[in-house]
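The sequence shown: position 13 = 82 (the working numbering), numbered continuously. A virtual CB, placed ideally from N, CA and C, is assigned to each residue, including glycine. Right, one structure below, let's go through it.
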Amino acid sequence: MKVALQGSEMTSVLALHAQFKQQLAFPDYYGENLDALWDCIRCVDVPLIVEWRDFAQSRLHLGQYADRVLETLRDAEQEVPGFILEVR
70 MKVALQGSEM TSVLALHAQF KQQLAFPDYY GENLDALWDC IRCVDVPLIV
120 EWRDFAQSRL HLGQYADRVL ETLRDAEQEV PGFILEVR
């Protein structure tokens, strides 16, 4: 499966996490923070390709938080066989 995240729509931390929750079908109890992202991303059904479009726009709105999310997803690539991240 492949999902596309729209970086241009990630205008706040809440908007970023809402998009992750919706696109990756995270549970209702998803905590909308980096720890919760890590916990949920490790449990997604694989194979899965996550395409983060317009990452530069995310960074403009979110600053270093976007980089921290990216780092979390890169770590998931190493830990979760079948999880692939594409950044555009």
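From E140 to L154, what distance separates their C-alpha atoms? Distance from the CA of E140 to the CA of L154, rounded to the nearest whole angstrom, comes to 11 Å.
According to DSSP, what are the bridge partners of W121? W121 pairs with L74, V156.
Tell me whether the beta-carbon of E78 lies closer than 8 Å to the beta-carbon of Q92. Not a contact, by the Cβ cut-off of 8 Å.
Secondary structure at T80, three-state DSSP: helix, strand or coil? T80: coil per DSSP, three-state reduction.
For the alpha helix (DSSP H) holding Y134, just list the boundary residues, first then last. Note, Y134: alpha helix (DSSP H), 133–148.
Please determine, among Y98, T80, A105, the residue with the shortest C-alpha to C-alpha distance to L129. When each option's Cα is compared against that of L129, the closest is T80.
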